[in-house]
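Residue numbers (my numbering), protein chains in the order written: chain X, 343 to 480; chain S, 343 to 480. Positions of the beta carbon are idealized from the N, C-alpha and C atoms, including for glycine. See structure below.
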DNA sequence: GCTTGACCTGGAGTGCACTCCAGGTCTTAC
DNA sequence: GTAAGACCTGGAGTGCACTCCAGGTCAAGC
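Rendered as structure tokens:
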């Protein structure tokens, strides 16, 4: 056991870039990982798990400011669990809203694509100069 | 008929800011609208429809560069319909993927929130110093 | 006729989240 | 012992999508 990962491996496994890993450390999003004798970062399994979770928050659009707040609460231990849960619950409801918003835009896109299909059908049926007269809605 | 809207009304109705409307015009995302005798913009119903559609594209994360390409194709008329439809189809599939991605992050969030609930339950059941020993996963 | 408020222009500034760079160190392989 | 490659640091640069600003014009109400 006691597996560790180089920064390159951590980047691979988390999907973040090496630069981003160092950047996250600088801004206090991740605790500085252990270092080997040469001063190089050694990420633990726990570090990796945290990085992976961070990517979920980032993917869902949580601003770094809030991720950092969450990270700092986490650092303060179990006493902050209620607050952390609250942050996640609020964030989750934002994500749900975002999904609903995307869904409704998707409906518009479907409608538009269908419109184009219809337009093309009519264009194909109309031979010659009169084709130019076919116009589109919106 | 022949309704027109001031820039403030267009902003209200489209959800974009006045500055953004002028910005979109500058970068060629929207055709310059008509002007009144005093040089003020008069947005037509058609302009408004286009703005509203643009907000759907923006909301779904289409980069401005691509929105502009779409706008320019649109400007070139019906001959570009096939290409525009293709852009929308590709974009739509991106949006679908994005929704799926958010959904899967949502699962993680659900899991985490449940974890916190469980943690809190255990904390509540454990009175005194031993509570400190309860630790969290991840 | 003068103030107020909405609008105009060109250009500069902002916030976010990285991303890149120069110049240096350390380990490993030959 | 030396060359290559991975890593280090502090700091500067980037791309995106706005957003703000100064200084000016114009129409309407008092």
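Just mark residue i as buried or exposed, buried being the case when its beta carbon has 16 or more other beta carbons within 10 Å.
i, result
"residue 429(S)", "buried"
"residue 372(S)", "buried"
"residue 474(X)", "Low confidence applies here, because residue 474(X) scores a pLDDT of 49, under 50, leaving its location unreliable; read the following figure in that light. Under this definition residue 474(X) is an exposed residue."
"residue 458(S)", "buried"
"residue 345(S)", "exposed"
"residue 452(X)", "exposed"
"residue 375(X)", "buried"
"residue 356(X)", "buried"
"residue 389(S)", "buried"
"residue 285(S)", "Absent from the structure is residue 285(S), since the part of chain S shown begins at 343 and ends at 480."
"residue 383(X)", "buried"
Output the boundary residues of the beta strand (DSSP E) element that contains residue i.
i, result
"residue 386(X)", "383-386"
Which chain X residues are close to residue i, counting only those with a beta carbon under 9 Å from its beta carbon?
i, result
"residue 468(S)", "Result: empty, since nearest Cβ-Cβ is about 11 Å, beyond 9 Å."
Am I right that residue i and residue j are in contact with their C-beta atoms under 8 Å? What's the rounded C-beta distance?
i, j, result
"residue 431(S)", "residue 455(X)", "6 Å"
"residue 444(S)", "residue 422(X)", "26 Å between Cβ atoms; not a contact."
"residue 370(S)", "residue 410(S)", "6 Å"
"residue 358(X)", "residue 397(X)", "7 Å"
"residue 352(X)", "residue 393(X)", "6 Å"
"residue 424(X)", "residue 462(S)", "6 Å"
"residue 416(S)", "residue 426(S)", "6 Å"
Between which two residues does the alpha helix (DSSP H) containing residue i stretch?
i, result
"residue 348(X)", "Unbroken run through residue 348(X): none, as it is neither H nor E."
Along chain S, which residues have their Cβ under 8 Å away from the Cβ of residue i?
i, result
"residue 345(X)", "Per Cβ cutoff of 8 Å: no residues; residue 345(X) is ~16 Å from chain S at best."
Which bits of chain X does residue i rub up against, with CB to CB less than 8 Å?
i, result
"residue 369(S)", "Within chain X, no residue comes near residue 369(S); the closest Cβ sits about 21 Å away, beyond 8 Å."
"residue 423(S)", "458, 461, 462, 465, 478"
"residue 443(S)", "401"
Going along chain S, which residues have a C-beta under 9 Å from residue i?
i, result
"residue 387(X)", "The premise fails here: residue 387(X) is roughly 10 Å from chain S at the closest Cβ pair, so nothing lies under 9 Å."
| message | Extract the residue ranges of the beta strand (DSSP E) inside the region 356-420 of chain X, only unbroken runs of 3 or more that lie entirely within it. | response | 383-386
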